[in-house]
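First up is the structure itself, then whatever we jot down about it.
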Amino acid sequence: MASFIGYYSLIFGLCTSLFIIFFSIKNFRNSKIFDIKIISFIFLQFFFVIVSFFSLIISFINSDFSNETVFNHSHSTIPLFYKISGTWGNHEGSLLLWLLVLTLFLFLFLLRSSTEKKQYKILTLLFQQIIIIGFFIFVIKTSNPFNFIFPAPVEGLGLNPILQDPALAIHPPILYLGYVGSSIVFSSALAATCLNCITKQWAKHIKQWILISWIFLTLGILLGSIWAYYELGWGGFWFWDPVENVSLMPWLALTTLLHCILVIEKKLVFTSWAVILSIATFTLSMCGTFLVRSGILNSVHTFANDPERGLFILVFLFSLIFLSIIIFIFFHKADNKNTVIFFWLSKETSILINNWFMMYFLAVVLIGTTYPIFLEVISSEKISIGPPFYHKLIVPFLIPFLFAMAIGPKLKWIKSDIQNKSYLVLFLIISFLLSVLIIKNLNIDFLLNSILITSAMFLFFTTLREFFTREIKNLSQNLAHFGFSLLILSILLNNIFSTEIITNLKVGESFKSKDFKINFEKIEQKDEKNFKTIIGKFNIKNINGADVVFNPELRIYNQPNIVTSEADIKTNLLSDKFITMNLVQNQDYFNIRYQIKPFMIWIWLSVLLISLGGFISLFQKRYEK
Amino acid sequence: MKNKIFTTLLIIIFFIIFLVFYKGLENSNIYSPNLNVEKSIPLFEAKILGENKKINSKDIFVENEFYLVNIWASWCVPCRDEHPFLMNLSKQKNIKIIGINYKDKNKDAIKFLKELNSPYQTVLSDFDGTIAIEWGAYGVPETFLIYDKKIIKKFIGPLNQNSLFELKKLTQ
Amino acid sequence: MKLFKILLVCFILINISLSKAQDNDTHSKITKNLRCLVCQGQSIYDSDSEFANSVKILIEKKIKNGENEKQIYDYLKNRYGEWILYEPNFSKNTYILWILPIFIFLIGGFVIFRLFIIKKN
Chain A
1 MASFIGYYSL IFGLCTSLFI IFFSIKNFRN SKIFDIKIIS FIFLQFFFVI VSFFSLIISF
61 INSDFSNETV FNHSHSTIPL FYKISGTWGN HEGSLLLWLL VLTLFLFLFL LRSSTEKKQY
121 KILTLLFQQI IIIGFFIFVI KTSNPFNFIF PAPVEGLGLN PILQDPALAI HPPILYLGYV
181 GSSIVFSSAL AATCLNCITK QWAKHIKQWI LISWIFLTLG ILLGSIWAYY ELGWGGFWFW
241 DPVENVSLMP WLALTTLLHC ILVIEKKLVF TSWAVILSIA TFTLSMCGTF LVRSGILNSV
301 HTFANDPERG LFILVFLFSL IFLSIIIFIF FHKADNKNTV IFFWLSKETS ILINNWFMMY
361 FLAVVLIGTT YPIFLEVISS EKISIGPPFY HKLIVPFLIP FLFAMAIGPK LKWIKSDIQN
421 KSYLVLFLII SFLLSVLIIK NLNIDFLLNS ILITSAMFLF FTTLREFFTR EIKNLSQNLA
481 HFGFSLLILS ILLNNIFSTE IITNLKVGES FKSKDFKINF EKIEQKDEKN FKTIIGKFNI
541 KNINGADVVF NPELRIYNQP NIVTSEADIK TNLLSDKFIT MNLVQNQDYF NIRYQIKPFM
601 IWIWLSVLLI SLGGFISLFQ KRYEK
Chain B
1001 MKNKIFTTLL IIIFFIIFLV FYKGLENSNI YSPNLNVEKS IPLFEAKILG ENKKINSKDI
1061 FVENEFYLVN IWASWCVPCR DEHPFLMNLS KQKNIKIIGI NYKDKNKDAI KFLKELNSPY
1121 QTVLSDFDGT IAIEWGAYGV PETFLIYDKK IIKKFIGPLN QNSLFELKKL TQ
Chain C
2001 MKLFKILLVC FILINISLSK AQDNDTHSKI TKNLRCLVCQ GQSIYDSDSE FANSVKILIE
2061 KKIKNGENEK QIYDYLKNRY GEWILYEPNF SKNTYILWIL PIFIFLIGGF VIFRLFIIKK
2121 N
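Quick note, the sequences are listed as chains A, B and C, same order. Mapping of the first sequence onto my numbering: position 557 corresponds to residue 557, and the numbering continues sequentially without gaps. Mapping of the second sequence onto my numbering: position 34 corresponds to residue 1034, and the numbering continues sequentially without gaps. Mapping of the third sequence onto my numbering: position 116 corresponds to residue 2116, and the numbering continues sequentially without gaps.
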């Protein structure tokens, strides 16, 4: 029953598009004001998608295995929370989430644009409808979440245990609010280009949507990293895996766009570039969807791969890009007459530098992710591109980038005179050169690390200092930059000071190092609703007396029959202690990994600070000073 | 004029990228190392199953003879499936089958062979899996056809009717 | 001035502790740079599969034997192809890979310079 409603709701949602388009074109042509009927239809479309989405959730909750999607991704013994989150933890359900965000954002956008020009609103919604219709067709034709299986199986295939985690459960909705939310920026930019109204007012108007999308995207990426850290059992949180890169690329483009918009709010420069960035952000989101769902790339978290779906997205994606290129070329008028001239030492320049570096970082990630595809098609050779590539190309460039982040906000618009500020920089440069000479270990890695830490600390202190000045000019920007410096510092220090021991222990044995002793005391077995668990009891005695008990687990899930290793992590402000226990084939000992990772929690906190900066900016009325 | 050149260039690049992705979709995602190159067999030393003495690969492989190197384990289910095919091949006079027992316990391996009979002329023990790596294998079962101390053909996964047919053809 | 002094002190302190913490664990470094061939996107270091464990043991043996990183990478590359290495080498297949980003960076700088900086008063 629920599947029936869900399916037809989707069909109705698609049909609503016809009404929306009809009334929109009619309203565009006539001289009346914006037709409120259109908003009602858009709400109706959103309503149909929500009904469809809830039907799927209900099917999951009821473990209705006559629904193919539920059968493939759920099981009657899974806890309720994961039955619900299983709805979007698969290809078909996540596409419903896409539709949900697409229609929701369109609706909210129109609600909040009551003071905008009618033609602009209509064009925006028409472009958004093109995307929405594309996804409706994609879902109904190739990825229907409401397929029937007859006869209905008694039990489902189960949800992959590593997806049964709270962070991962809410990761897709949050991520999609960001990822898919950038669609409205895309549509709006195209509309504004057509009408040649890329103005300060447009910038001010679109800024809030860029911010909302950006905040959710940042949080979504954070959740994904936290999940990887806790669940995947290896203590890492970023692996430059294609799926991770695919979420990072829109984030880079969106951050760059955000900085651009800040300039356009004040004066009309970089407008063509802002439009290109708006198009690029959503294009990257869609490109990411293509890369991850078509099976073209090999990754840790790919969905079920299906080249037919891949082909559809590929054609859809390229049609959108083609459309955007055509619109841009034909409609965009470069504003040569409006060029405002600014001095080389000014805030505009520092934002230019930001854009320059961000685009470089984006290029590195994009090339690194897609190059293997090109190479394989052209020469049938398969290569892997992993962390060493990205580190080598990105890390050195972070140094000038961090310095620019520290100095940029201090410069004034149009022209800044060289006051006491530059002496600070000069002193710092001299000082680190001196320090490096003093500390004679001139290993390249070490040198790079120390300069990197210097630049991060420089940013850290300059932004920190701002918090204590009497009138804080830009709390949001300062918070975000401060958060970023903290992020780089935490990652660096964590990398340098992490220690790990890997050893094989039988029950009752111990491992002794000079700082601590690990006692493998015993194992306990327990039965839970959908898995059996073997809990290892470890007691770790530190030199300074403190005794800590750890309980890592080995879980044997019933359906699907997978064994996962659950780490036990003790977190405090200074460091995380991380222990995992793994089975060794055919042996009676376990493989134990114990890691001490300093400052882990600061990595998460710093990203939260960055999002907080963005969040505060939403409520700031004043311009960027 | 400059704009037109730029635009056409952009559109050309656009189509090239589209074509590459389109072709990329057709390529399989699963990687298997190049199966066609004729490589020399590795040199290694290993213990014979159940015994303490080691034997060098130089002493096992002779020129002008066909050998089948089969990596197996008692805990490996597909290895049981391919066992009848190996028994069939062991009856062929011109092939000598060498087994490499992968990451197994001696007594389990010996029990397996007692239960199902051994197609192997010699069985070597690879306790830690490093000998399999010497051969460029990454799982069980994997089988290599050797002639003149060169790897002629590699089979990944259990042998089946087709591979049996192919092996018979290659070793006539 | 005060800020600068604080910065200087912090910097020297960190550098001193850096030199103590530098731990060249070659084994970890190598295994992090290798792809686990039977897993979906994990390194040998992170993986617990049979294959990964065997590779780890093999690398340990080779390091004890005195082999250096390049020799170990070549050994594995010989048997499994480029696919097993996470750092693409710099060969005719990958010139574009390494140079294109740098090229883009330079183009970006060039564009900015021409369009904006030239106009300085």
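The beta carbon of each residue, even a glycine, is placed where N, CA and C say it ideally should be.
Chain A contact for residue i (CB, 8 Å cutoff)
i: G2081/C; result: yes
i: Y1022/B; result: yes
i: L1010/B; result: yes
i: Y2073/C; result: no
i: K1111/B; result: no
Any C-beta of chain B under 8 Å from that of residue i
i: L2034/C; result: no
i: G236/A; result: no
i: V377/A; result: yes
i: V2111/C; result: no
i: I373/A; result: yes
i: E2067/C; result: no
beta-carbon residue i near the ligand NAD non-hydrogen atom, thresh 7 Å
i: Y229/A; result: Judged by which ligands are present, the structure shown has none, so any question about the ligand NAD falls away.
Reduced DSSP category for residue i - H, G, I as helix; E, B as strand; rest coil
i: S435/A; result: Note that S435/A scores 48 on pLDDT, short of 50, meaning its location in the model is unreliable; the coordinates nonetheless yield the value given after this. In the structure shown, S435/A sits in a helix (DSSP, three-state: H, G or I).
i: S2043/C; result: strand
i: A1046/B; result: strand
i: T1171/B; result: coil
i: R2035/C; result: strand
i: W238/A; result: coil
i: L554/A; result: strand
i: T77/A; result: coil
i: D306/A; result: coil
i: N1027/B; result: coil
i: F270/A; result: coil
i: Y1120/B; result: coil
i: D35/A; result: coil
i: V70/A; result: helix
Cα-Cα separation, residue i to residue j
i: T454/A; j: L126/A; result: 50 Å
i: C1076/B; j: N1117/B; result: 16 Å
i: A1132/B; j: I1071/B; result: 7 Å
i: G224/A; j: L80/A; result: 21 Å
i: V2111/C; j: S350/A; result: 15 Å
i: P250/A; j: I276/A; result: 13 Å
i: F615/A; j: N72/A; result: 38 Å
i: I373/A; j: H391/A; result: 21 Å
i: S285/A; j: S247/A; result: 7 Å
i: I21/A; j: K597/A; result: 55 Å
i: I2096/C; j: E1082/B; result: 45 Å
i: G1099/B; j: K1039/B; result: 19 Å
Where the beta strand (DSSP E) containing residue i begins and where it ends
i: M249/A; result: That residue, M249/A, is in no beta strand (DSSP E); its alpha helix (DSSP H) goes 242-266.
i: G158/A; result: Neither: G158/A is in no beta strand (DSSP E) and is coded neither H nor E.
i: R593/A; result: 590-598
i: L583/A; result: 575-583
i: I227/A; result: Looking at the sequence itself, residue 227/A is Trp, so the reference to Ile does not match. Where W227/A is concerned, there is no enclosing beta strand (DSSP E), although the alpha helix (DSSP H) it sits in stretches over 200-231.
Boundaries of the alpha helix (DSSP H) in which residue i is found, first to last residue
i: M1087/B; result: 1077-1090
i: Q128/A; result: 118-142
i: D2074/C; result: 2069-2080
i: Q164/A; result: No alpha helix (DSSP H) contains Q164/A, which DSSP labels as neither H nor E.
i: T370/A; result: 347-379
Any C-beta of chain C under 8 Å from that of residue i
i: T1122/B; result: no
Taking contact to mean at least 3 C-beta pairs separated by less than 8 Å, is the region 213-232 of chain A in contact with the region 169-188 of chain A? yes
When you compare the region 1013-1020 of chain B with the region 346-366 of chain A, are there three or more beta-carbon pairs, one atom per stretch, that lie closer than 8 Å? no
Touching or not, the region 81-93 of chain A and the region 57-69 of chain A, by the rule of three or more beta carbon pairs under 8 Å? yes
Evaluate the contact criterion for the region 475-483 of chain A versus the region 561-577 of chain A: three or more CB pairs, one atom per stretch, below 8 Å. no
Closer than 8 Å is the cut-off here; do at least three beta carbon pairs connect the region 505-522 of chain A with the region 541-548 of chain A? yes
Could you check whether the region 33-43 of chain A touches the region 105-122 of chain A, counting it as contact only if at least three pairs of C-beta atoms, one from each stretch, sit closer than 8 Å? yes
Would you check if the region 314-324 of chain A and the region 146-163 of chain A touch, i.e. whether three or more CB-CB distances between them fall below 8 Å? no
Give a yes or no on contact between the region 15-27 of chain A and the region 129-140 of chain A, applying the rule of three or more CB pairs nearer than 8 Å. yes
Three or more C-beta pairs under 8 Å: does that hold for the region 590-604 of chain A against the region 495-510 of chain A? yes
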